[in-house]
Amino acid sequence: MKRIRAFRNIKLGIKTLMLHKLRSFLTMLGVVFGVGSVVAMLAVGEGASKEALEEIRKLGSTNIIVSSIKPVEDESSGTRSPFSVSSYGLLYEDEQRARDAFSQIERIVPAKVVREEGRLGERKLDLRVIGTTAGWFDLVRRQLIAGRTMAACDNEERNNVVVLTEYGARRLLATERTIGQHLRIGGEYYEVIGIVRSESGQGGAIQTPDQAIDAYIPVLLARERYGDYQTEITSGSMTRESVELHQLIIQVDRSTHVESVAAGIDRMLRKFHAKNDYRISVPLALLRQAESTKRTFNVVLGSIAGISLLVGGIGIMNIMLASVTERTREIGIRRAIGAKRRQIIVQFLIETVVLSTAGGLVGVSLGMLIPWLITQLAGMPTMVTAYSVALALGISMSVGIVFGIYPARHAANLDPIEALRHE
Amino acid sequence: MIDAASSTAAKDDSLVRPVVGRLEEVTKVYPMGATEVHALAGVTVSFEKGSFWAIMGPSGSGKSTMLNLLGCLDRPTSGRYLIEGRDVARLDDNALSEIRLRHLGFIFQSFNLIPQLTVRENIELPLFYLDWDVDASAERAEVVAERVGLTDRLEHRPAELSGGQQQRVAIARALATDPSILLADEPTGNLDSATSVQIMELLGELNAQGRTILMVTHEPSLANYAQRRLHMSDGLIERIEGDSA
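Put into structure tokens, the structure is as follows:
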């Protein structure tokens with residue numbers, strides 16, 4: 001019985017709203033755009049943060065990344081002789097020192113970066129040659145496409161081997177048959193032993209350790225063959241730098257140790273580095289930060305959405321108040337016939353809820369269409385989550401109730417005698 | 424309460440008919456600025472079941488106030504109003520709505536149909552508030568529509584009907600819940616004389632079938648359809664004419 005009445009009330013509400021289609025539609029618009037923007041903004045935010053979190057996770061939550069950076073004082077003193085050498089960054093000893101100082105460290109992977117041209121037959125490619133150890137491939141997990149990765153003995157025995165990335169291999173026209181062929185890097189020849197997939201970190205704030213143009217060789221070999229000096233000629237001026245190691249990726253045994261070890265390494269390095277020429281980044285901290293950024297982002301989005309829904313709700317309330325005035329006589333008739341106040345409230349409340357829920361449904365469709373378009377047109381990742389849709393629909397219904405109560409009560413509290421006299 | 428009502432009935436020389444509505448020392452005072460207006464200044468009258476009353480009087484005599492009180496749209500300042508023996512003068516809004524729904528039927532001068540609803544839906548409106556199911560409401564609507572001669576107009580909108588037809592719809596709506604009292608407020612005020620006669624004849628027929636009808640009018644010619652004429656003046660009953668036969 002109750003359900004039949006609710007159903008009839010909803011039917012009546014829809015019927016009444018359909019009498020003024022344009023007005024109902026315009027009234028709905030506020031909620032449509034409010035809900036649409038909630039869903040769309042959350043989808044864009046969710047997509048972006050998911051991508052960021054994914055990237056951070058790839059860096060490993062138990063990892064600490066120590067990178068060499070050019071100290072600020074060196075950069076600003078551009079008036080010095082163009083032939084002077086700026087020497088900075090991580091030292092070969094730092095690796096051993098860290099290994100000795102912290103028992104929680106499971107693995108340290110050094111990376112020495114050398115810019116050289118690679119040649120395979122006729123093809124050329126500017127490579128970022130990374131001198132590293134076998135551990136690199138354990139930390140930076142990339143799919144092996146062909147051959148094998150570096151082994152521990154390759155470094156110790158200073159084997160002339162190189163692992164290419166998929167991108168580099170393509171550019172150099174290397175295929176599976178290239179395994180075993182010789183790649184020339186600078187003046188030296190290396191045997192191609194494997195090809196790995198590379199993760200091209202596109203436009204994210206977080207730099208992945210690997211790049212598409214990487215070529216991996218044993219670090220000891222890199223040190224011997226290319227030394228620490230790098231000469232770079234940019235727009236007519238020449239800079240010479242001396243960097244021993246560009247990066248140390250440190251893996252600790254447990255994620256709970258990450259922050260204490262990172263702080264310890266910082267203290268230790270500071271003793272040996274007078275200049276501020278290194279940077280410690282902790283993916284776990286980045287992850288936490290990204291998550292808190294996401295929360296802030298959601299709060300801001302929520303407020304914006306809240307304001308737009310508030311405006312939409314006020315629009316509905318305004319129209320409903322006008323509608324009550326317009327239908328004063330109808331209310332009087334219903335009351336005279338015997339409708340209770342509660343029944344009048346229910347009638348008007350259902351109208352606003354139907355209106356706002358319909359607006360919510362249209363808004364959700366709009367809010368799903370917009371992220372889809374963004375993904376199609378701009379290639380940005382977006383993600384419409386079930387919770388955002390549920391949230392938006394829930395809010396739009398609540399808007400109907402909250403902003404419907406006042407006009408409905410106003411209608412119910414009209415004096416039937418006055419209402420019947422109303423023209 | 425029943426005793427009081429029946430003793431009054433005896434005084435009114437209508438022993439055979441039970442009283443459906445009775446006003447006892449009813450007053451209605453409206454504050455008007457600093458002063459008070461006594462719209463009703465102590466009215467006692469009993470309406471027997473099956474009687475047809477015309478309530479008459481010049482404007483300001485209190486007849487509209489009386490109708491609002493009789494219709495449970497308003498509460499008296501003092502006094503009692505008994506419907507079927509129950510005092511409804513002090514009931515709250517909810518209970519008064521319930522009384523209007525179950526015991527009273529309204530017929531207004533300006534018909535007061537809901538324009539966006541069809542004739543059928545207008546007639547079914549009180550049944551909707553009574554929670555009748557769809558089939559029973561439809562059946563009842565057809566019965567009362569046939570009674571007022573509108574069977575072929577059920578799916579029309581009020582605006583598509585003539586004034587007389589609209590008033591018939593209103594009468595059908597008032598009859599839908601089978602009320603104890605039909606209250607009519609100048610039911611022919613918006614109709615031409617020929618149609619007025621038809622509506623009055625319809626009311627007469629309904630009365631002949633046992634309906635209690637209380638009609639407010641200022642037209643003496645219409646008052647002749649009623650058995651009893653109650654003349655109001657300055658918030659008091661001036662005189663009652665006619666017999667209850």
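From first to last, the protein sequence lines are chains A and B. Under our numbering, think of the first position of the first sequence as 1, with each following residue one higher. Under our numbering, think of the first position of the second sequence as 424, with each following residue one higher. The beta-carbon is built from N, C-alpha and C at its ideal position, and this holds for glycine as well.
Where Arg576/B falls: helix, strand or coil (DSSP)
Counting from 1 along the second sequence, the entry for residue 576/B is found at position 153. In this structure, Arg576/B counts as helix in the three-state DSSP scheme.
Using the beta-carbon of each residue, which ones in chain B are nearer than 7 angstroms to Ile333/A?
Translated into the one-based positions of the first sequence, residue 333/A becomes position 333. Contact of Ile333/A with chain B by beta-carbon distance below 7 angstroms involves Asn535 and Ile537.
Would Glu609/B pass as a contact of Thr640/B if the rule is Cβ separation under 8 angstroms?
By 1-based counting over the second sequence, the position of residue 609/B is 186. By 1-based counting over the second sequence, the position of residue 640/B is 217. Result yes, Cβ atoms of Glu609/B and Thr640/B sit closer than 8 angstroms.
Where Thr635/B falls: helix, strand or coil (DSSP)
Locating residue 635/B in the second sequence gives position 212, counting from the first residue. In the three-state scheme derived from DSSP, where H, G and I count as helix and E and B as strand, Thr635/B is classed as strand.
Neighbour-count burial assignment, Asp554/B, 16 or more Cβ in a 10 Å radius
In the second sequence, the residue the question calls residue 554/B occupies position 131. It is exposed - the Cβ of Asp554/B has fewer than 16 other Cβ atoms within 10 Å.
Taking a cut of 9 angstroms between CB atoms, which residues from the segment 334–365 of chain A lie near chain B?
Cβ contacts with chain B come from Arg334, Arg335, Ala336, Ile337, Gly338, Ala339, Lys340, Arg341, Arg342 and Gln343.
Using 8 angstroms as the threshold, is the C-beta distance between Arg523/B and Gly494/B below it?
Indexing the second sequence from 1 puts residue 523/B at position 100. Indexing the second sequence from 1 puts residue 494/B at position 71. Between Arg523/B and Gly494/B, the CB-CB gap stays under 8 angstroms.
Classification of Tyr189/A by the beta-carbon crowding that lies within 10 angstroms, buried from 16 upward:
Counting from one through the first sequence, the residue named residue 189/A turns up at place 189. Flag for Tyr189/A reads exposed.
For the segment 11–39 of chain A, which residues have a beta carbon sitting closer than 9 angstroms to at least one beta carbon of chain B?
Residues of the segment 11–39 of chain A that bring their beta carbon within less than 9 angstroms of a beta carbon in chain B comprise Leu12, Lys15, Thr16 and Leu19, in sequence order.
Looking at chain A, which residues of the segment 550–567 of chain B have a Cβ within less than 9 angstroms of any of its Cβ atoms?
So the close ones are Phe551, Tyr552, Leu553, Asp554, Asp556 and Val557.
Residue burial classification, Met424/B (beta-carbon count within 10 angstroms, cutoff 16):
Looking up residue 424/B in the second sequence gives position 1. Unreliable placement is indicated for Met424/B, whose pLDDT of 41 sits below 50; the coordinate value is still reported in the next sentence. Counting the other Cβ atoms within 10 Å of the Cβ of Met424/B gives fewer than 16, which makes it exposed.
Length-filtered (3 minimum) beta strand (DSSP E) runs lying within the segment 507–566 of chain B
Entirely contained in the segment 507–566 of chain B, the beta strand (DSSP E) runs reaching 3 residues are, in chain order, 527–530.
Val113/A - containing beta strand (DSSP E), residue span
Looking up residue 113/A in the first sequence gives position 113. Residues Ile105 to Leu120.
Euclidean distance between Cα positions of Asp253/A and Ile65/A:
Stepping through the first sequence from its first residue, residue 253/A is reached at position 253. Stepping through the first sequence from its first residue, residue 65/A is reached at position 65. Just so you know, the alpha carbons of Asp253/A and Ile65/A end up roughly 15 angstroms apart.
For chain A, is any of its Cβ atoms less than 8 angstroms away from the one on Glu609/B?
Counted from its first residue, the second sequence places residue 609/B at position 186. No, Glu609/B does not count as interfacial toward chain A.
Indicate whether at least one CB of chain B lies closer than 8 angstroms to the CB of Arg57/A.
In the first sequence, counting from the first residue as 1, residue 57/A sits at position 57. Among the CB atoms of chain B, none fall inside 8 angstroms of the CB of Arg57/A.
Closest by C-alpha distance to Val442/B, when choosing among Thr458/B, Ser603/B, Gly665/B and Met623/B:
Within the second sequence, numbered from 1, the residue matching residue 442/B stands at position 19. Of the candidates Thr458/B, Ser603/B, Gly665/B and Met623/B, the one whose C-alpha sits nearest the C-alpha of Val442/B is Ser603/B.
Closest to Arg591/B by C-alpha separation, out of Gln532/B, Glu459/B, Val449/B and Leu490/B, would be which residue?
Along the second sequence, one-based indexing puts residue 591/B at 168. Looking at the Cα atoms, Gln532/B is the closest of the given residues.
Whose CA, out of Ala290/A, Phe272/A and Asn159/A, lies closest to the CA of Arg225/A?
Position 225 of the first sequence holds residue 225/A. Cα-wise, what sits closest to Arg225/A is Asn159/A.
Around the Cβ of Asp556/B, are there at least 16 other Cβ atoms within 10 angstroms (buried) or fewer (exposed)?
As a position in the second sequence, residue 556/B is number 133, starting the count at 1. Per the 10 Å Cβ criterion, exposed.
Can you check DSSP and say which residues form a bridge with Asn63/A?
Taking the first residue of the first sequence as 1, we reach residue 63/A at position 63. Gln251/A, per the DSSP bridge assignment.
In chain A, which residues lie less than 9 angstroms from Ala613/B when you measure between Cβ atoms?
In the second sequence, counting from the first residue as 1, residue 613/B sits at position 190. Before going further, note that residue 613/B is Asn rather than Ala in the sequence given. Under the 9 angstroms cutoff, chain A gives no residues; its nearest Cβ is about 14 angstroms from Asn613/B.
Closest to Gly332/A by C-alpha separation, out of Phe272/A, Ile417/A, Met317/A and Gln289/A, would be which residue?
As a first step, residue 332/A must be located in the first sequence, where it is residue number 332. Cα-wise, what sits closest to Gly332/A is Ile417/A.
Within-8 angstroms CB hit, Gly203/A to chain B
Along the first sequence, read from residue 1 onward, the residue named residue 203/A stands at position 203. Note that Gly203/A scores a pLDDT of 42, beneath 50, so its modelled location is shaky; the value from the coordinates is reported in the next line. Cβ-Cβ to chain B under 8 angstroms: no for Gly203/A.
Looking at the structure shown, is Leu614/B part of a helix, part of a strand, or coil, going by DSSP?
Counting from one through the second sequence, the residue named residue 614/B turns up at place 191. Reduced to three states, the DSSP call for Leu614/B is coil.
Listing by chain order, which chain A residues have their CB less than 8 angstroms from the CB of Asp601/B?
Translated into positions along the second sequence, residue 601/B becomes position 178. Under the 8 angstroms cutoff, chain A gives no residues; its nearest Cβ is about 13 angstroms from Asp601/B.
C-beta contact flag for Phe373/B and Gln621/B at 8 angstroms
Not covered by the structure: residue 373/B. The range shown for chain B is 424 to 668.
Below-8 angstroms beta-carbon distance, Pro381/A vs any chain B residue
Taking the first residue of the first sequence as 1, we reach residue 381/A at position 381. The beta carbon of Pro381/A does not come within 8 angstroms of any beta carbon belonging to chain B, so the residue lies off that interface.
Out of Tyr216/A, Met238/A and Pro381/A, state which residue places its alpha-carbon closest to the alpha-carbon of Ala169/A.
Residue 169/A sits at position 169 when you count from the first residue of the first sequence. Closest by alpha carbon: Tyr216/A.
Mapping DSSP to helix, strand and coil, what is Ser86/A?
Sequence index remark: in the first sequence, residue 86/A carries index 86 (1-based). Correct three-state label for Ser86/A: strand.
DSSP bridge partner residues for Tyr278/A (one or two, in chain order):
Within the first sequence, the letter at position 278 stands for residue 278/A. Note: Tyr278/A sits in a beta bridge opposite Ser68/A.
Suppose the cutoff is 8 angstroms on Cβ atoms and the five residues either side in sequence are ignored; what does the same chain contact list for Leu349/A look like?
Translated into positions along the first sequence, residue 349/A becomes position 349. Exclusion of the five residues before and after Leu349/A leaves Gly400, Ile401, Gly404, Ile405 and Ala408 as the residues of its chain whose Cβ lies within less than 8 angstroms of its Cβ.
Identify which residue in Thr231/A, Tyr88/A, Thr352/A and Gly379/A has its Cα closest to the Cα of Ser24/A.
Here residue 24/A refers to the residue found at position 24 of the first sequence. The alpha carbon of Ser24/A has as its nearest neighbour, out of Thr231/A, Tyr88/A, Thr352/A and Gly379/A, the alpha carbon of Thr352/A.
Cβ of Asp516/B within 8 angstroms of any chain A Cβ:
The residue given as residue 516/B occupies position 93 in the second sequence. Between Asp516/B and chain A, the shortest Cβ-Cβ separation is below 8 angstroms.
Is Phe529/B close to chain A, meaning its C-beta is less than 8 angstroms from at least one C-beta of that chain?
One-based indexing of the second sequence puts residue 529/B at position 106. With 8 angstroms as the cut-off, Phe529/B counts as an interface residue toward chain A.
Exposed or buried, which one is Val161/A when buried takes at least 16 other CB atoms within 10 Å?
Locating residue 161/A in the first sequence gives position 161, where the first residue counts as 1. Looking at its Cβ environment, which holds 16 or more other Cβ atoms inside 10 Å, Val161/A is buried.
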